[in-house]
Amino acid sequence: NRQLVLAERPKGAPTKDTLRLIECEVPSAGGNQMLLRTEFLSLDPYMRGRMSDAPSYAAPVPIGGVMQGGTVAQVVTSNVDGFTPGDYVLSFNGWQDYAVSDGVGVTNLGKAPAHPSWALGIMGMPGFTAWAGLTQIGAPKPGETIAVAAATGPVGATVGQIGKILGCRVIGIAGGPDKCAYAVNELGFDACIDHKADDFAEQLAKASPDGIDVYFENVGGKVLDGVVSLLNPNARVPVCGLISQYNATTLPDGPDRMNWLMGQILRKKLKVQGFIIFDDFGHLYGDFAKEMGPWVESGKIKYREEIIDGLENALEAFIGLLNGENFGKRVIRVGHN
Ligand code: NDP
Numbered sequence: 008n009r010q011l012v013l014a015e016r017p018k019g020a021p022t023k024d025t026l027r028l029i030e031c032e033v034p035s036a037g038g039n040q041m042l043l044r045t046e047f048l049s050l051d052p053y054m055r056g057r058m059s060d061a062p063s064y065a066a067p068v069p070i071g072g073v074m075q076g077g078t079v080a081q082v083v084t085s086n087v088d089g090f091t092p093g094d095y096v097l098s099f100n101g102w103q104d105y106a107v108s109d110g111v112g113v114t115n116l117g118k119a120p121a122h123p124s125w126a127l128g129i130m131g132m133p134g135f136t137a138w139a140g141l142t143q144i145g146a147p148k149p150g151e152t153i154a155v156a157a158a159t160g161p162v163g164a165t166v167g168q169i170g171k172i173l174g175c176r177v178i179g180i181a182g183g184p185d186k187c188a189y190a191v192n193e194l195g196f197d198a199c200i201d202h203k204a205d206d207f208a209e210q211l212a213k214a215s216p217d218g219i220d221v222y223f224e225n226v227g228g229k230v231l232d233g234v235v236s237l238l239n240p241n242a243r244v245p246v247c248g249l250i251s252q253y254n255a256t257t258l259p260d261g262p263d264r265m266n267w268l269m270g271q272i273l274r275k276k277l278k279v280q281g282f283i284i285f286d287d288f289g290h291l292y293g294d295f296a297k298e299m300g301p302w303v304e305s306g307k308i309k310y311r312e313e314i315i316d317g318l319e320n321a322l323e324a325f326i327g328l329l330n331g332e333n334f335g336k337r338v339i340r341v342g343h344n
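Here the sequence shown is numbered in full-length UniProt numbering, starting from 8 and rising by one per residue.
Here you go:
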């Protein structure tokens, strides 16, 4: 049983020394337990937070502890009602080959789900985050303009596509021309601006002739700077993530603009609301699944996944995710010896 455990807390970006690969015995399931074999491990930006012991909404992974993570696994042996060997399950095994579970918080996906790994993306936590943050906080009306960054990732791509279904103008922000072309040509966004361009702020302003009514905040940093001045009165800002800051060790250079930002919030009567998906909207999961299932099946919402083979490659793939090297939802196909 291979496990990736937290070796040290990163200062700045995680490195190859942040996690250590260890081998241990495959655990065995007790009386009311089942043994799960991890097939797919989800890589998600929040994992950077779990590596840190800074105050957060969730406890950090202890030094020496197995890195946490959402997984799709197969049941190997089971003493839990409702689960039999061969079932695919959505579970929280973490970064390891095998885990024992009592079934609490584990969802049975059946013996032959069409796309088992999608439960980690469009049909799971990231898709739900996009749907709930946009509809419950962003509350866009037809004809309004939505802006969203990390526009080709599982959250941003879904936000933008739902925005189009709801009759809005959607402006994506992504890293590089290929991602931007994909957002417009494949996902149907009205425009997509490359945040690496020198004239990013000017391009964004040009693409937003009627201002921005909903800014779905995924990244912070330069993108946030460019968006705030374009927000319309009564705009809504679901604060979902700030990935540009996850590896930061100091506050940004330059003048403190906190009071300028509060002035914008005041004068434009902005609604800025953070959320943690399952804490705030867990009760709506069924509604999400009912709506998203048909959208995905009919092709109304597209989903791009990037599968990387081998648990041993997970750390490097995660470091790349924080740098924008992923193009679509990054998932590890764990692979077994
Ligand atoms: P993605 O797969 O989209 O990956 C992150 C992307 O962020 C990168 O691919 C990159 O895309 C972009 N990025 C990285 N650094 C920067 C930067 N400096 N400036 C601009 N963009 C950058 O991630 P997810 O879709 O899984 O998650 C998106 C956001 O949602 C994250 O902030 C995450 O923490 C948050 N989240 C919050 C939840 C909640 O409950 N609040 C739940 C789930 C996710 P590009 O190359 O296009 O710039």
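Glycine included, each C-beta is placed from N, C-alpha and C at the ideal position.
Note that the structure is predicted; figures quoted are calculated from it, not measured.
Q | Residue nearest to residue 95 in terms of C-alpha spacing, selected from 104, 87, 119 and 73 | A | Within the sequence shown, numbered from 1, the residue matching residue 95 stands at position 88. The option with the nearest alpha carbon to residue 95 is 119.
Check: Name the DSSP beta bridge partners of residue 223, please?
Finding: Locating residue 223 in the sequence shown gives position 216, where the first residue counts as 1. According to DSSP, residue 223 bridges with 155.
Given 8 Å as the limit, is there contact between the region 46–54 and the region 327–342, that is, 3 or more CB pairs closer than that? yes
Item to complete: Note down the Cα distance separating residue 250 from residue 18, rounded to an integer number of angstroms.
Response: Taking the first residue of the sequence shown as 1, we reach residue 250 at position 243. Taking the first residue of the sequence shown as 1, we reach residue 18 at position 11. Spanning the two alpha carbons is a distance of roughly 16 Å.
* To do: Return the first residue and the last residue of the beta strand (DSSP E) that residue 242 is part of.
  => The sequence position of residue 242 within the sequence shown is 235, counting from 1. From DSSP, the beta strand (DSSP E) with residue 242 extends over 238–246.
Pick out whichever of 323, 192, 16 and 309 has its Cα sitting closest to the Cα of residue 125. Start at 1 with the first residue of the sequence shown, and residue 125 comes out as number 118. Selected option, being the one with the closest Cα: 309.
List the whole-angstrom C-beta distance separating residue 218 from residue 237, where the pair is believed to meet the contact cut-off of C-beta under 8 Å. Along the sequence shown, read from residue 1 onward, the residue named residue 218 stands at position 211. Along the sequence shown, read from residue 1 onward, the residue named residue 237 stands at position 230. Sure, about 6 Å apart at Cβ, within 8 Å.
Enclosing beta strand (DSSP E) for residue 106 [first to last residue]: Looking up residue 106 in the sequence shown gives position 99. It spans 105–108 - the beta strand (DSSP E) in which residue 106 sits, taken as one unbroken run.
Between which two residues does the beta strand (DSSP E) carrying residue 187 extend?
-> On the sequence shown, position 180 is the one that residue 187 refers to. No beta strand (DSSP E) holds residue 187; the alpha helix (DSSP H) holding it covers 184–192.
Given 7 Å as the limit, tell me if residue 247 has its C-beta closer than that to any heavy atom belonging to ligand 1.
Against the sequence shown, residue 247 aligns to sequence position 240. Result yes, Cβ under 7 Å from ligand 1.
Inset, instruction - Say yes only if the C-beta of residue 3 is nearer than 7 Å to one or more non-hydrogen atoms of ligand 1, and no if none qualify. - result: The shown model of the chain, from 8 to 344, leaves out residue 3, and the question about it has no answer.
Practice item. Specify, as a first and last residue, the run of the beta strand (DSSP E) that residue 1 falls within. Key: The requested residue 1 is not part of the displayed model; the chain covers only 8 to 344.
- prompt: By the 10 Å Cβ neighbour count, where 16 or more other Cβ atoms means buried, how is residue 369 classified, buried or exposed?
  reply: This structure cannot settle anything about residue 369, because the visible part of the chain is limited to 8 through 344.
Is it buried or exposed, residue 98, if we count other Cβ atoms within 10 angstroms and call 16 or more buried? In the sequence shown, residue 98 corresponds to position 91, counting from 1. Residue 98 is buried by the Cβ-count criterion.
ask   = Is there contact between the region 105–113 and the region 38–48, where contact requires at least three CB pairs shorter than 8 Å?
value = yes
Practice item. Reducing DSSP to helix, strand and coil, say where residue 319 ends up. Key: Counted from its first residue, the sequence shown places residue 319 at position 312. If DSSP states are grouped into helix, strand and coil, residue 319 belongs with the helices.
- Query: What are the residues that DSSP puts in a beta bridge with residue 179?
  - Reply: Taking the sequence shown and counting its residues from 1, one reaches residue 179 at position 172. Its beta-bridge partners are 155 and 199.
For ligand 1, is there a heavy atom less than 7 Å away from the beta-carbon of residue 141? Translated into positions along the sequence shown, residue 141 becomes position 134. Checking every heavy atom of ligand 1 against the Cβ of residue 141, none is found closer than 7 Å.
Checklist entry - What are the start and end residues of the alpha helix (DSSP H) that includes residue 53? => result In the sequence shown, counting from the first residue as 1, residue 53 sits at position 46. Per DSSP, residue 53 belongs to the alpha helix (DSSP H) from 53–57.
- Message: Nearer than 7 Å: is that true of the beta carbon of residue 124 relative to any heavy atom of ligand 1?
- Response: Position 117 of the sequence shown, counting from 1, holds the residue named residue 124. No, Cβ of residue 124 sits at least 7 Å from all heavy atoms of ligand 1.
| What's the gap between the Cα of residue 88 and the Cα of residue 34? | If you number the sequence shown from 1, residue 88 lands on position 81. If you number the sequence shown from 1, residue 34 lands on position 27. Taking the straight line joining both Cα atoms gives about 20 Å.
Practice prompt. Would you mind sorting residue 159 into buried or exposed? The rule is 16 or more other CB atoms within 10 Å of its CB.
Written response: Taking the sequence shown and counting its residues from 1, one reaches residue 159 at position 152. Buried, by the Cβ-count rule.
*May I ask you to report which of helix, strand or coil DSSP gives residue 10?*
By 1-based counting over the sequence shown, the position of residue 10 is 3. It is a strand residue.
Quick one: what's got a C-beta closer than 7 Å to residue 326's C-beta in the same chain, skipping five residues either side? The residue given as residue 326 occupies position 319 in the sequence shown. Cβ neighbours of residue 326 beyond the five flanking positions: 20 and 21.
query: Could you give the residue range of the alpha helix (DSSP H) that holds residue 230?
result: Residue 230 sits at position 223 when you count from the first residue of the sequence shown. Here the alpha helix (DSSP H) through residue 230 covers 228–235.
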